[in-house]
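Presented below is the structure to which this report refers.
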Amino acid sequence: MKRIMVIIALTFLLIPLQAEAVSYGWGYKKGHNHQPPEVGKYQAILDKHQAFYFDDSGDKHVYLTFDNGYEAGYTEQILGVLKEKDVPATFFLTGHYVTDQPELVKRMIADGHIIGNHSDGHRDFTAISKESFIKDVSVLTEKIKEIDEKVPVQYLRPPKGTFNESSLSWADELGYTHVFWSLAFVDWNEGSEQGWKHAYKQVMDQIHPGAVVLMHTVSQDNADALAYLIDDLKEQGYQFKSLDDLMMKKLLPKGFY
Numbered sequence: 057m058k059r060i061m062v063i064i065a066l067t068f069l070l071i072p073l074q075a076e077a078v079s080y081g082w083g084y085k086k087g088h089n090h091q092p093p094e095v096g097k098y099q100a101i102l103d104k105h106q107a108f109y110f111d112d113s114g115d116k117h118v119y120l121t122f123d124n125g126y127e128a129g130y131t132e133q134i135l136g137v138l139k140e141k142d143v144p145a146t147f148f149l150t151g152h153y154v155t156d157q158p159e160l161v162k163r164m165i166a167d168g169h170i171i172g173n174h175s176d177g178h179r180d181f182t183a184i185s186k187e188s189f190i191k192d193v194s195v196l197t198e199k200i201k202e203i204d205e206k207v208p209v210q211y212l213r214p215p216k217g218t219f220n221e222s223s224l225s226w227a228d229e230l231g232y233t234h235v236f237w238s239l240a241f242v243d244w245n246e247g248s249e250q251g252w253k254h255a256y257k258q259v260m261d262q263i264h265p266g267a268v269v270l271m272h273t274v275s276q277d278n279a280d281a282l283a284y285l286i287d288d289l290k291e292q293g294y295q296f297k298s299l300d301d302l303m304m305k306k307l308l309p310k311g312f313y
């Protein structure tokens, strides 16, 4: 009898540990014909933590975001196109990138782009403790502040899109807003480029009003396709906005923005 009671007690002790071990990988059913993707159960989780992956207002707005883990020689080209076309973007940076490419980070800031937090060590947020999470995120923000102490770092994108209730809550406590995406494709494998038309088609096939587009700056395809994408989406009536614009829309009552 005593042995049974011990087993029952251990079972109850393990339940919360198992719950904490849950890890979600951001994913969705792709949308077509200018429709946003379906994210299923993730929607309720994101709503609970004021996180987002697209602009649900119905406005034909597009939000460009780039993840920068390391530099492959294409960021200057991308920044040049964005400046020429007068288009804002958000660059989610890792600690390695900030340390290795301070001049490019300075240019991003000088050109008016938003700097986002992609963590210092690009670690899986669901596989580390709260203390490690706080350190990983805070160290990255401190590195950015060393380049420009006035730049705000509000938006957080989890490495590899992994998250759970705990990591979202920890970010909430630190004042960060999780930003996922509604449009992306495999574009980070150097040496497997397929030409700018491939990147162009991937975006145009999935585009929809309010799209938060995720691209990587290590792709020459993306760098070469960017000008064509911007021009043709503008031709279709889309406007390019920043994540700050999207946050303003979410904070203000309908009709005030």
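Residue numbers (this note's numbering): 57 to 313.
Glycine included, every Cβ here is placed at the ideal spot set by N, Cα and C.
If you check the CB distance, residue 239 and residue 268 come in under 8 angstroms. Pairing residue 287 with residue 252 gives a Cβ-Cβ distance that is not under 8 angstroms. Restricted to the stretch 130-212, the beta strand (DSSP E) segments that are unbroken, complete and at least 3 residues in length are 145-149, 170-173, listed in chain order. Cβ atoms of residue 90 and residue 265 come within 8 angstroms of each other, at about 7 angstroms.
Residue 122 and residue 271 do touch by the CB rule: their CB atoms are close to 5 angstroms apart, below 8 angstroms. For residue 239, the three-state secondary structure derived from DSSP is strand. The beta carbon of residue 223 sits closer than 7 angstroms to those of 181, 182, 189, 214, all from its chain and outside the five residues before and after it, given in chain order.
By the CB criterion at 8 angstroms, residue 242 and residue 126 fall outside the cutoff. In this structure, the alpha-carbon of residue 107 lies about 33 angstroms from that of residue 250. According to the DSSP assignment, residue 119 belongs to the beta strand (DSSP E) that extends over 117-124. A direct Cα-to-Cα measurement between residue 197 and residue 255 gives close to 31 angstroms.
Using a Cβ distance threshold of 8 angstroms, residue 137 and residue 302 do not count as a contacting pair. Membership of residue 267 in the beta strand (DSSP E) is indicated by the continuous run 267-272. Here residue 96 is not bridged, per DSSP, to any residue. In the displayed model, residue 109 falls within coil according to three-state DSSP, outside both helix and strand. In the DSSP secondary-structure assignment, residue 80 is bridged to 219.
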